[in-house]
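Notes follow the structure.
Chains as they are written, first to last, in my numbering: chain A, 1 to 512; chain B, 1001 to 1144.
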């Protein structure tokens, strides 16, 4: 049987399972998965007491790393900002390479994978639990994270595999194994170990944050907008999951490009709609903006009534930024690695824009809307993140929850498509490329879409966070060994750039 | 260098007439004729991760297909008829690419069909011919 037929058969079996026993399916799945999810989260988020709250090691790891990279590369996140824009615009793109993946396309693709529910739901939770001050730390984490993205995306391009059939495979699995082997024989084994570790966590991440979390939160929003508990969808998360899984399955197993092509046109449009709506709310409340800013700054350094004080606020801000922009996690390196360039550093520079747009722009707009409309609520249940953002927008634009629902479902869909690819690459790295491994992963992925929409969010959000943060451990450890390689390339490239040795094309050639 | 002609083709009925017109012109005036096919592509599109990973492979396939199915048969036929023809394939926005190519190849005239493959899109967004007439720096001959 062909790949498609196998896939559809398995999918059919999977989908018919929930239909066999409809009563309380949601709770049953939740109860089944919860113990496992909680154990895993517990390990990865092992923490130490700091300032009255439990501070996870993994967060220190991410932020410390981002800070180290920022200093090691001498604030590349600010230095190369303008040049990144020139690269994305195509000023340095050779016309004879027309038809290949451009910097813009690599960036846009990576962004549609990272801009998702973290920006909408996650921010609401962060601002609620940490107060407005969390926004300050979130922006800071976003700015620092730009350096992490820079180094991992440069490495992603540098150590990618280019196959004879013309396709490309890049990402932490490859730069950890190939890059460390290049440094020394002793490091070769470490490289392999880290690559395998990363692959395992990446698969977990692709089932968690890239899948279950998206399915769960988009279902919650659809539920809320159709009437909440009174909705005909209440307790039917599995049904939503099945429909989502079918659509995702059509793209990833059936290869129906049409759906992905439609979302790839609509997602940027929805992002613009969302950002515009946010700006409209901000501008219609312009008089309240200074108060919002002061509450952010005050809340960042001397918060009132937040558990853990400043550390607690910092924790919420950093946590949301890290989960939203995935800097240091390594997933973006997979997306950016397909770009056509002979200077890997250029893609690293372009990747600076990813955490900037994701966190410093989109997340901040969400946060400002929530602060200005005063809808942040310290007693919020983390599973109600989307509902809170929805309420915030609704207070000014009464029909926006409908638009938000469509946006949320589309963002979730595009994030799932991207993560299914990241997870697939990790899976085939471990189990080899074959039709069976390919379909096996994809069917599992779709299974988790259904599970995710059925579970109660508490366990889902912790497990999702855990898996994604776990990827950062092998990824950044390996990067510390590879930093000098990137620094050498950056210094070479930067001196070429400053000396005007880089060739400009098109209209840019006439500009200085 | 003697100036040349450039004809854009997209396999529509109209482009065949444009091709015939260009071929006759080139033969009578003894000019070199560039037959150009532009594969529609934008550097600013939003793709999936998988599409990007396979893009290079697809690009090669697109070029090969354009050569073997479109350009090479046309050029062969024209050479057989005594026209000094040469095929060119590019990726990009059709009108902008034709315009840029015309300058690069030092062409004296661009010949293009008035209607392309997709009539509705052309009516809504302007076809290649109308855009080319607006942006080209080289004289354009539109063949109905």
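Ideal placement from N, C-alpha and C gives every residue a C-beta, glycine not left out.
query = In the DSSP assignment, what residue or residues form a beta bridge with residue 1004 (chain B)?
reply = The residue you call residue 1004 (chain B) lines up with position 4 of the second chain. BP columns for residue 1004 (chain B) point to B:1107.
Backbone CA spacing between residue 1115 (chain B) and residue 164 (chain A) [nearest angstrom]: Along the second chain, read from residue 1 onward, the residue named residue 1115 (chain B) stands at position 115. Along the first chain, read from residue 1 onward, the residue named residue 164 (chain A) stands at position 164. When rounded, the distance between both Cα atoms is 40 Å.
Exercise for the section: Pick helix, strand or coil for residue 386 (chain A), following the three-state DSSP scheme. Expected result: Position 386 of the first chain holds residue 386 (chain A). Here residue 386 (chain A) sits in helix by DSSP.
Exercise. Would the beta-carbon of residue 1065 (chain B) fall within 9 Å of that of residue 100 (chain A)?
Worked result: If you number the second chain from 1, residue 1065 (chain B) lands on position 65. If you number the first chain from 1, residue 100 (chain A) lands on position 100. Not closer than 9 Å, so no.
How about residue 345 (chain A) and residue 154 (chain A): are their beta carbons less than 9 Å apart?
The residue given as residue 345 (chain A) occupies position 345 in the first chain. The residue given as residue 154 (chain A) occupies position 154 in the first chain. Going by C-beta atoms, residue 345 (chain A) is nearer than 9 Å to residue 154 (chain A).
query = Going along chain A, which residues have a C-beta under 9 Å from residue 1067 (chain B)?
reply = Within the second chain, residue 1067 (chain B) is the residue found at index 67, counting from 1. Going along chain A, no residue has its Cβ under 9 Å from residue 1067 (chain B), so there is no contact; the nearest lies around 14 Å.
**Study point:** Simplified DSSP state of residue 256 (chain A), which is helix, strand or coil
**Key:** Counting from 1 along the first chain, the entry for residue 256 (chain A) is found at position 256. If DSSP states are grouped into helix, strand and coil, residue 256 (chain A) belongs with coil.
Does chain B have any CB closer than 9 Å to the CB of residue 253 (chain A)?
Walking along the first chain from the start, residue 253 (chain A) turns up at place 253. It does not: the Cβ of residue 253 (chain A) has no partner Cβ on chain B nearer than 9 Å.
Residue range of the beta strand (DSSP E) that residue 285 (chain A) falls in? One-based indexing of the first chain puts residue 285 (chain A) at position 285. Looking at the DSSP string, residue 285 (chain A) is not in any beta strand (DSSP E), and its letter there is neither H nor E.
_Residues of the stretch 1038-1051 of chain B in Cβ contact with chain A at a cutoff of 8 Å, in chain order, please._
1039, 1041, 1043, 1044, 1045, 1046, 1047, 1048, 1049, 1050, 1051
* Mind listing which residues of the stretch 1078-1108 of chain B have their C-beta closer than 7 Å to chain A's C-betas, in chain order? -> 1090, 1091, 1092
* Show which residues of chain A have a CB atom less than 9 Å away from the CB atom of residue 1018 (chain B). => Here residue 1018 (chain B) refers to the residue found at position 18 of the second chain. Within chain A, no residue comes near residue 1018 (chain B); the closest Cβ sits about 23 Å away, beyond 9 Å.
**Request:** Please report the residue range of the alpha helix (DSSP H) in which residue 330 (chain A) lies.
**Result:** Within the first chain, residue 330 (chain A) is the residue found at index 330, counting from 1. Unbroken run through residue 330 (chain A): none, as it is neither H nor E.
List, from N- to C-terminal side, the alpha helix (DSSP H) runs of 4 residues or more that fit wholly inside the stretch 49-82 of chain A. 57-72, 76-79
Item to check | Host alpha helix (DSSP H) of residue 1028 (chain B) (start-end) | outcome: Position 28 of the second chain, counting from 1, holds the residue named residue 1028 (chain B). Unbroken alpha helix (DSSP H) run through residue 1028 (chain B): 1013-1029.
- Item | Whole-number beta carbon distance between residue 181 (chain A) and residue 191 (chain A), since they are thought to touch under 8 Å | Counted from its first residue, the first chain places residue 191 (chain A) at position 191. Counted from its first residue, the first chain places residue 181 (chain A) at position 181. Confirmed, about 5 Å.
Q) Are the C-beta of residue 265 (chain A) and some C-beta of chain B separated by less than 9 Å? A) Reading the first chain from its first residue, position 265 is the one you call residue 265 (chain A). Yes, contact with chain B.
### Message
Determine whether the beta carbon atoms of residue 121 (chain A) and residue 357 (chain A) lie at a separation below 9 Å.
### Response
Counted from its first residue, the first chain places residue 121 (chain A) at position 121. Counted from its first residue, the first chain places residue 357 (chain A) at position 357. Between residue 121 (chain A) and residue 357 (chain A), the gap from beta carbon to beta carbon reaches 9 Å or more.
Would you check if there are 3 or more beta carbon pairs closer than 8 Å linking the stretch 413-428 of chain A to the stretch 195-204 of chain A? For the pair of segments examined, the stretch 413-428 of chain A was found to touch the stretch 195-204 of chain A: the number of CB pairs separated by less than 8 Å reaches three.
Report task. Taking 9 Å as the cut-off, decide whether the C-beta atoms of residue 117 (chain A) and residue 214 (chain A) are in contact. Result -> Position 117 of the first chain, counting from 1, holds the residue named residue 117 (chain A). Position 214 of the first chain, counting from 1, holds the residue named residue 214 (chain A). Yes, these two residues count as a Cβ contact at 9 Å.
- chain A partners of residue 1060 (chain B), CB-CB under 7 Å? Taking the first residue of the second chain as 1, we reach residue 1060 (chain B) at position 60. Neighbours of residue 1060 (chain B) on chain A, chain order: 166.
Which word fits residue 371 (chain A), buried or exposed, when buried means at least 16 other C-beta atoms lie within 10 angstroms of its C-beta?
By one-based count along the first chain, residue 371 (chain A) stands at place 371. So residue 371 (chain A) ends up on the buried side.
In this structure, what does DSSP give as the bridge partners for residue 1090 (chain B)?
Position 90 of the second chain, counted from the start, is the residue given in the question as residue 1090 (chain B). DSSP output for residue 1090 (chain B) lists B:1038 as bridge partner(s).
query = Between the stretch 385-399 of chain A and the stretch 348-355 of chain A, do at least 3 Cβ pairs fall closer than 8 Å?
reply = no
By the 10 Å Cβ neighbour count, where 16 or more other Cβ atoms means buried, how is residue 465 (chain A) classified, buried or exposed?
Here residue 465 (chain A) refers to the residue found at position 465 of the first chain. Buried.
Local Cβ density within 10 Å of residue 185 (chain A), reported as buried at 16 or more and exposed below that | Taking the first residue of the first chain as 1, we reach residue 185 (chain A) at position 185. Label assigned to residue 185 (chain A): exposed.
Return no unless some Cβ of chain B is closer than 9 Å to the Cβ of residue 339 (chain A). Translated into positions along the first chain, residue 339 (chain A) becomes position 339. For residue 339 (chain A), the answer is yes, since a Cβ of chain B falls inside 9 Å of its Cβ.
| request: Below 8 Å on the Cβ atoms is my guess for residue 241 (chain A) versus residue 453 (chain A); work out the distance and round it to an integer in Å. | output: On the first chain, residue 241 (chain A) is found 241 positions in, with the first residue counted as 1. On the first chain, residue 453 (chain A) is found 453 positions in, with the first residue counted as 1. Yes, residue 241 (chain A) and residue 453 (chain A) are in contact; Cβ-Cβ is about 3 Å, under 8 Å.
*asked:* For residue 174 (chain A), would you say it is in contact with chain C, using Cβ-to-Cβ distances shorter than 9 Å as the test?
replied: The chain labelled as chain C is not found among the protein chains of the depicted structure, namely A and B.
Among all the DSSP beta bridges, which residues are the ones paired with residue 1113 (chain B)?
Position 113 of the second chain, counting from 1, holds the residue named residue 1113 (chain B). In the DSSP output, where bridge partners are listed per residue, residue 1113 (chain B) has B:1143.
Worksheet item: Just curious, the alpha helix (DSSP H) that residue 363 (chain A) is in, first and last residue?
Response: Walking along the first chain from the start, residue 363 (chain A) turns up at place 363. Neither: residue 363 (chain A) is in no alpha helix (DSSP H) and is coded neither H nor E.
Give the DSSP-derived three-state secondary structure of residue 453 (chain A) in the structure shown. Taking the first residue of the first chain as position 1, residue 453 (chain A) is located at position 453. In this structure, residue 453 (chain A) counts as helix in the three-state DSSP scheme.
Margin query: Looking at chain B, is there any beta carbon in it that lies within less than 9 Å of the beta carbon of residue 110 (chain A)?
Written below: In the first chain, counting from the first residue as 1, residue 110 (chain A) sits at position 110. Closer than 9 Å to some Cβ of chain B, the Cβ of residue 110 (chain A) qualifies, so yes.
Inter-stretch contact at 8 Å, needing at least 3 Cβ pairs: the stretch 233-247 of chain A / the stretch 146-160 of chain A: no
Rounded to the nearest angstrom, what separates residue 23 (chain A) and residue 463 (chain A) at their Cα positions? Here residue 23 (chain A) refers to the residue found at position 23 of the first chain. Here residue 463 (chain A) refers to the residue found at position 463 of the first chain. Residue confidence is low: residue 23 (chain A) scores 47 on pLDDT, short of 50, so the model does not pin down where it sits. No coordinate-derived value is stated.
* **residue 93 (chain A) - DSSP class collapsed to helix/strand/coil** => Your numbering for residue 93 (chain A) matches position 93 in the first chain. It is coil, neither helix nor strand.
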